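Chains as they are written, first to last, in the UniProt record's numbering: chain A, 1 to 205; chain B, 1 to 205; chain C, 1 to 205.
Quick notes on the structure that follows.
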Amino acid sequence: MTLYTFLDYFGTMFFAISGVLSASDKKLDVFGASIIGLVTAVGGGTTRDLLIGDRPVGWLKEPNYLYAVLLGISIAFVFKRYLAGLRRTFFIFDTLGIGIFTIIGLEKALSFGIAPPLAILMGVSTAVVGGVLRDTLINEVPLIFRQELYATACIIGAAIYLLLHYFTSLPHNMVMFATMGTIIIIRTLAIRLNIQLPRFQMGGE
Amino acid sequence: MTLYTFLDYFGTMFFAISGVLSASDKKLDVFGASIIGLVTAVGGGTTRDLLIGDRPVGWLKEPNYLYAVLLGISIAFVFKRYLAGLRRTFFIFDTLGIGIFTIIGLEKALSFGIAPPLAILMGVSTAVVGGVLRDTLINEVPLIFRQELYATACIIGAAIYLLLHYFTSLPHNMVMFATMGTIIIIRTLAIRLNIQLPRFQMGGE
Amino acid sequence: MTLYTFLDYFGTMFFAISGVLSASDKKLDVFGASIIGLVTAVGGGTTRDLLIGDRPVGWLKEPNYLYAVLLGISIAFVFKRYLAGLRRTFFIFDTLGIGIFTIIGLEKALSFGIAPPLAILMGVSTAVVGGVLRDTLINEVPLIFRQELYATACIIGAAIYLLLHYFTSLPHNMVMFATMGTIIIIRTLAIRLNIQLPRFQMGGE
Chain A
1 MTLYTFLDYF GTMFFAISGV LSASDKKLDV FGASIIGLVT AVGGGTTRDL LIGDRPVGWL
61 KEPNYLYAVL LGISIAFVFK RYLAGLRRTF FIFDTLGIGI FTIIGLEKAL SFGIAPPLAI
121 LMGVSTAVVG GVLRDTLINE VPLIFRQELY ATACIIGAAI YLLLHYFTSL PHNMVMFATM
181 GTIIIIRTLA IRLNIQLPRF QMGGE
Chain B
1 MTLYTFLDYF GTMFFAISGV LSASDKKLDV FGASIIGLVT AVGGGTTRDL LIGDRPVGWL
61 KEPNYLYAVL LGISIAFVFK RYLAGLRRTF FIFDTLGIGI FTIIGLEKAL SFGIAPPLAI
121 LMGVSTAVVG GVLRDTLINE VPLIFRQELY ATACIIGAAI YLLLHYFTSL PHNMVMFATM
181 GTIIIIRTLA IRLNIQLPRF QMGGE
Chain C
1 MTLYTFLDYF GTMFFAISGV LSASDKKLDV FGASIIGLVT AVGGGTTRDL LIGDRPVGWL
61 KEPNYLYAVL LGISIAFVFK RYLAGLRRTF FIFDTLGIGI FTIIGLEKAL SFGIAPPLAI
121 LMGVSTAVVG GVLRDTLINE VPLIFRQELY ATACIIGAAI YLLLHYFTSL PHNMVMFATM
181 GTIIIIRTLA IRLNIQLPRF QMGGE
């Protein structure tokens, strides 16, 4: 197993944990909470694979992704009270997770011949669509439509990746680290400095 | 037409009826109610076909599924008051329907080379995703995330199918009957004995 | 660029504008509103392409659709107050938009070997599913499930197209104009005369 594959499984497991925990005040039973975990974990990659035309979708090619999800769900059920207190740790893992998923999605889209501007979108979708589906299923307006610079950080990170990839001769690892670093710095600064995108409203401000 | 195909059409028609009726207090017009019927009927198989990569999706390969849906919608419109009283009959057909759809989905996934644990998930999706989409479209938290042992019955049924299929030499018909029987018994017992999956909650119970 | 391609880009841009504006009282940030614009614009074609099996989906084949969407989003942001007053203009462009998208979707489905009754459904999906996804994402029961003869106009238009296409020798342009005209007339009459589909309800009327 390469570092890459490991990070993919790890991100999948982490998003399953995070999905299950987010469902905790929704009066779901354990099955419902598990499905929210599954959808949060694989929803982004599934959307990307359907759109770019990889079939079957990635997580159906071998059962390891399912096992990563089941492990994440189990961890969330067993340690839910303990995990609920770890807000800072969650923030770090979540940011790492969207960074990894952005890069994986971007590279896969490029390898399927998708043009770079569209590949950025596929990278961002890989990172954030799981959360959008989670929020839609639990009947809330998706958080990323209202929240701090979440998807924006992924878009800028993906753009940095493409710039470094096409216009420098940096080795792949360095490009990845720069992309991850960009995403981590933007999200951290956005929260520290309370930077938000402007609201979009019709009436006079 | 084989018994198999007949059951598939029949299940499709039944879920269209059930979808239309479930939309009846949502202030939809007849078009909206028809779309809910269509989505309830073909949503599960569509999701499975998109994920495993069958294209076009099954119900677009020939118009008979559409005709089954239109028949179901018509029956729902014409007999809505009469049908609304048949709760017990509905329960029986619904349980038969998810049983058939579970088996059809499981077998199709296996025939597309999907690994058995993932094929179980595809079988269950075939049976229950139509209902999830229905509930999401009419803006409710999906019932199966809160309800009695619905999807759970399908999961156990699908697991029984795989066990009998791979580890016994029972003929296919027997395997099917055992699977259907398992799903029917679990659902009936769950309702009779009021068995539910535990709620998943964060706070102290 | 043919007239056809131009109309496709133009419709995509228009639906992006309309999607962004419809999100204006939902307390979204500019990113969220942009995503609503994107989904409204490409949601219908994406659904059709996934179902009939075109891959990657149409708007990922080249970046022009993305540019049309970005242009539409920019126009909506810059001119939002001005545009909000143009209800009549919006109605006209919206009706032209669903007419064009119905024809494009219908023809593409036929070219993929989908049977005519199902191709009608694919044409209508191309026209209206973007709006359904928009409403679902902003957490409302989809408007077309409750509203005047929106999808119904597309269904009748698509049926007219097929009748003229298969049973007359009218040139393609004439068939297109007749289809567009049908859709425009039905929608305009429906609004002028306040014609609605009957509500579907269980209780006594």
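Positions of the beta carbon are idealized from the N, C-alpha and C atoms, including for glycine.
Since we're looking at a predicted model, the values are computed, not measured.
Could you give the C-beta distance for residue i and residue j, rounded to a whole number, given that I count them as a contact under 8 angstroms?
{"i": "A158 (chain C)", "j": "R187 (chain C)", "result": "Rounded, the Cβ-Cβ distance is 14 angstroms, inconsistent with contact."}
{"i": "W59 (chain B)", "j": "L66 (chain B)", "result": "7 angstroms"}
{"i": "V30 (chain A)", "j": "P198 (chain B)", "result": "6 angstroms"}
{"i": "R48 (chain B)", "j": "G113 (chain B)", "result": "About 14 angstroms; that fails the 8 angstroms criterion."}
{"i": "residue 206 (chain C)", "j": "L189 (chain C)", "result": "Given a span of 1 to 205 for chain C in the structure shown, any question on residue 206 (chain C) remains unanswerable."}
{"i": "T136 (chain C)", "j": "T136 (chain A)", "result": "7 angstroms"}
{"i": "F140 (chain C)", "j": "A115 (chain A)", "result": "In the sequence as displayed, the identity of residue 140 (chain C) is Glu instead of Phe. Wrong, their Cβ atoms sit about 34 angstroms apart, outside the cutoff."}
{"i": "A127 (chain A)", "j": "G44 (chain A)", "result": "6 angstroms"}
{"i": "G37 (chain C)", "j": "I73 (chain C)", "result": "5 angstroms"}
Any idea which residues DSSP pairs residue i with across the strands?
{"i": "R199 (chain B)", "result": "A:D29"}
Apart from the five residues just before and just after residue i, which ones in its own chain have a Cβ nearer than 6 angstroms to its Cβ?
{"i": "T40 (chain B)", "result": "F15, G19, G130 and R134"}
{"i": "T46 (chain C)", "result": "V57"}
{"i": "A68 (chain A)", "result": "Y9, T12 and M13"}
{"i": "A33 (chain B)", "result": "V20 and A23"}
{"i": "K26 (chain C)", "result": "I138"}
{"i": "A76 (chain B)", "result": "I17, V20 and L21"}
{"i": "A109 (chain B)", "result": "I52, A119 and M122"}
{"i": "L7 (chain A)", "result": "I100"}
{"i": "L71 (chain B)", "result": "M13"}
{"i": "V42 (chain A)", "result": "W59"}
{"i": "P117 (chain B)", "result": "none"}
Kindly list the residues whose CB is nearer than 7 angstroms to the CB of residue i, restricted to its own chain and excluding five residues on each side of it in sequence; keep chain order.
{"i": "V124 (chain A)", "result": "T102, A151, C154, I155 and A158"}
{"i": "T5 (chain C)", "result": "none"}
{"i": "N64 (chain C)", "result": "Y9"}
{"i": "Y161 (chain B)", "result": "I103, L106, V175 and T179"}
{"i": "F200 (chain C)", "result": "none"}
Tell me which same chain residues have a C-beta within less than 8 angstroms of the C-beta of residue i, skipping the five on either side of it?
{"i": "residue 240 (chain C)", "result": "Outside the displayed span of chain C (1 to 205) sits residue 240 (chain C), for which this structure offers no information."}
{"i": "E205 (chain A)", "result": "Any reading at E205 (chain A) is ruled out, since the residue's pLDDT is 41, under 50, leaving its predicted position unreliable."}
{"i": "T89 (chain B)", "result": "none"}
{"i": "T2 (chain C)", "result": "none"}
{"i": "L193 (chain C)", "result": "none"}
{"i": "R55 (chain B)", "result": "D49"}
Query raised in the report: Which residues, in chain order, does the stretch 116-142 of chain B contribute to contact with chain C at a C-beta distance below 9 angstroms?
Result: T136, L137, I138 and N139
Query raised in the report: In chain order, what residues of the stretch 12-29 of chain C put their CB closer than 9 angstroms to some CB of chain A?
Result: V20, L21, A23, S24, D25, K26, K27, L28 and D29
Query raised in the report: Can you give, in chain order, each stretch of the alpha helix (DSSP H) that sits fully within the stretch 12-85 of chain B and has at least 4 residues?
Result: 30-52, 64-78 and 80-84
Query raised in the report: Which of the residues in the stretch 40-54 of chain C, read from start to end, lie with their CB under 8 angstroms from any CB of chain A?
Result: T46 and L50
Query - Contact residues within the stretch 53-73 of chain B, judged by C-beta distance below 7 angstroms to chain C - result: R55, P56, V57, L60, E62, P63 and L66
Requested in this report: Run through the stretch 104-178 of chain A for me and flag every whole alpha helix (DSSP H) of 4 or more residues, listed as ranges in chain order.
Outcome: 116-137 and 151-167
Query raised in the report: Taking a cut of 9 angstroms between CB atoms, which residues from the stretch 92-113 of chain B lie near chain A?
Result: A109, F112 and G113
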